[in-house]
Amino acid sequence: MRSGTAVGVALLSLLAVPVPAASAEPRPAPAAVAPPKPDLTGLRSVLRSATEQGAPGAMARLDDQDTVHRLTLGVADRRTKRALDAGDRFRIGSVTKVFSAVVLLQLVDEGKLSLDAPVNRYLPGLLPDSKITVRHVLSHRSGLHDYTEDMFADTVSGFEAVRAKVFTYRQLIDRSLRHARTTAPGGDYSYSNTNFVVAGMLIEKLTGHAVGTEYQKRIVEPLKLRDTFYVHPDTAIPGVHTRGYLTPDAPATTLVDATRQTVSWAQSAGALVSSTRDVNTFLSALLRGRLTSAEALTQMRRWVPAGTRQAYGLGLRRRDLSCGVSVYGHTGAVQGYYTYAFTSKDGRRSLTALANTSNSARVHNTMLRTLESAFCGTATGTARGTATGARRGVVLPHERAEDLASAAARS
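Pasting the structure below:
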């Protein structure tokens, strides 16, 4: 690993939260607040609620400086009844976007890419507007339509139509370009998987290698991640893993085992496989400055508003919790899996949580409470109010825009 420079997860959006153009300028994060002691009892209660609401299993790993907490409930496989294990691998959905952004920021460090250059400088003729910059793409301010909205207008049939397909990046971009753009370049934040398909194309054009090769060389090997794989277009998750179950739109219908799929519809926007250990290691290393230069990390944390108590940087989301603590990472969903992966500003406390289902607003809202338990402890009443609402099945409107495959999982 080079000193001071870069080392040499759909998903994805249930509803894009529009942000007024006037508020889209980058702004600093709130002053850092030290996280209180985690509430492990509360964390386990959240996982239990998720299983009661239909998730076959739920788990969380909390790395708190030198202490590791592992919590699991339920099953990894509904057929065999094998218990979910904290070491199981799973699909991390849009958490992949953070990996893609890191690779591009490393290329910035290497002088091969400029954040404020037009995408078309590197990929001539790809986009219809040469005002769309790399920064716009990484911050979801390009205005490029999210192609998954059409692809997954119907949750199960849409998934079954693509689960074995292999797409090229260009085919996915073309699906987006059939639609009008959602905003002018640099305007409103509007979450779109199309942006990180463009990111994958940039990685491959500038390095001459597949994105999986670059993830491996630049992140997986330096951090010694043992459970992180980009298997596209293969359909199997290697090694011991939890199966993922997609909830159909119709009530009281059978869960669909969505484990085997190419995830070609997401690729660099959401096709990575990993584990709670590896994701915590990755996010901690990122926030501690081990993966990019200090300047690149500063650019990654130039925030624009992205919904209630949320902001977005370059492939990185900030959530401002009820106790005043801000955490940094990404949520993700790919059919059958909800992932919640965040770390503290200093990278010393990291949480990755999983429910092995998707397309359930109740489970999604419940699992978001893992952040309050892990980083706010028992110090806040707001978390309690959110918990009550989730138990009653109340869908909180500001929580519907969390990096989930648009209608893909309604998740």
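First residue of the sequence shown: 173, per our numbering; consecutive thereafter. C-beta: ideal position from N, C-alpha, C; glycine also. All values derive from a computational prediction rather than experimental measurement.
Between which two residues does the beta strand (DSSP E) carrying residue i extend?
i    : result
T524 : R521 to A527
T385 : Run containing T385: none in the beta strand (DSSP E); it sits in the alpha helix (DSSP H), V383 to Y387.
T366 : Note, T366: premise wrong, no beta strand (DSSP E); alpha helix (DSSP H) at N365 to T379.
T340 : First-last for T340: undefined, no H or E at that position.
A273 : Taken as a continuous stretch (DSSP letters only), A273 belongs to no beta strand (DSSP E), being part of the alpha helix (DSSP H) at T268 to D281.
Check the DSSP bridge columns for residue i and list the partner residues they point to.
i    : result
S498 : D492
Q482 : R491
M231 : T244 and L526
F401 : V445
G255 : Looking at the sequence itself, residue 255 is Ala, so the reference to Gly does not match. A255 pairs with V247.
L418 : V428 and S530
H351 : Per DSSP, none; premise fails for H351.
T511 : G504 and L526
F262 : S446
D236 : T239 and R521
H413 : R261
Under 7 Å Cβ to Cβ from residue i, same chain only, skipping five residues before and after it: list those, please.
i    : result
T560 : Any reading at T560 is ruled out, since the residue's pLDDT is 38, under 50, leaving its predicted position unreliable.
T419 : G226, L427, T529, S530, N531 and S532
N292 : L298, L299 and S302
A408 : R432
T379 : E386
G461 : L469
R220 : L245
R353 : G315, L316 and H317
A382 : E376
V535 : A222, Q225, G226, A227, Y510, A527 and T529
Compute the distance between the beta-carbons of residue i and residue j, then report whether it is under 8 Å.
i    : j    : result
V275 : Y387 : yes
A222 : A527 : yes
S440 : A371 : yes
T542 : Y510 : no
V218 : M539 : yes
D257 : T327 : no
R307 : L458 : no
R251 : G411 : no
Q237 : R415 : no
Q278 : T464 : yes
L374 : L295 : yes
A546 : M231 : no
Y417 : G479 : no
R216 : L234 : no
Excluding the five sequence neighbours on either side, which residues of its own chain have a C-beta within less than 6 Å of the C-beta of residue i, listed in chain order?
i    : result
T587 : Here the chain covers residues 173 to 583 and nothing more, so residue 587 does not appear.
G384 : Y402
D450 : L397, D399 and T400
K491 : Looking at the sequence provided, one finds Arg at residue 491 rather than Lys. Counting only Cβ-Cβ distances below 6 Å, and skipping sequence neighbours, we find Q482 and V499.
R489 : H502
D518 : none
N365 : L184, D318, T320 and A441
What are the start and end residues of the alpha helix (DSSP H) that includes residue i?
i    : result
G330 : T327 to V334
A317 : With the sequence shown as reference, residue 317 is identified as His, and Ala is not the correct amino acid for it. Per DSSP, H317 belongs to no alpha helix (DSSP H) and is neither H nor E.
Y361 : Where Y361 is concerned, there is no enclosing alpha helix (DSSP H), given that its DSSP letter is neither H nor E.
V291 : V291 to Y294
R220 : L212 to E224
H308 : V306 to L310
For residue i and residue j, which I take to be in contact (beta-carbon distance under 8 Å), what is that distance rounded to the nearest angstrom?
i    : j    : result
V506 : R254 : Wrong, their Cβ atoms sit about 21 Å apart, outside the cutoff.
S286 : H317 : In fact, because the Cβ distance is near 25 Å, the residues do not count as touching under 8 Å.
F331 : A430 : 6 Å
I345 : V369 : 6 Å
S522 : S456 : 5 Å
G214 : T550 : 7 Å
S436 : H413 : Contact flag wrong, Cβ pair sits at about 19 Å.
V497 : P210 : That belief does not hold up - the Cβ atoms of V497 and P210 are roughly 11 Å apart, past 8 Å.
T320 : L395 : Not a contact, Cβ separation roughly 29 Å.
M472 : A273 : 7 Å
Give every residue of the same chain whose Cβ lies closer than 8 Å to the Cβ of residue i, excluding the five residues on either side of it in the sequence, and list them in chain order.
i    : result
P357 : D301, K303, I304, T305, H308, R313, S314 and G315
G557 : Because the pLDDT at G557 is just 41, under 50, the model does not fix this residue reliably, and the value given afterwards should be weighed accordingly. Taken in chain order, the list of residues that qualify is empty.
P336 : Per the sequence presented here, residue 336 reads as Ala, with Pro not at that position. For A336, where only same-chain residues beyond five positions count, the Cβ hits under 8 Å are T407, Q433 and T434.
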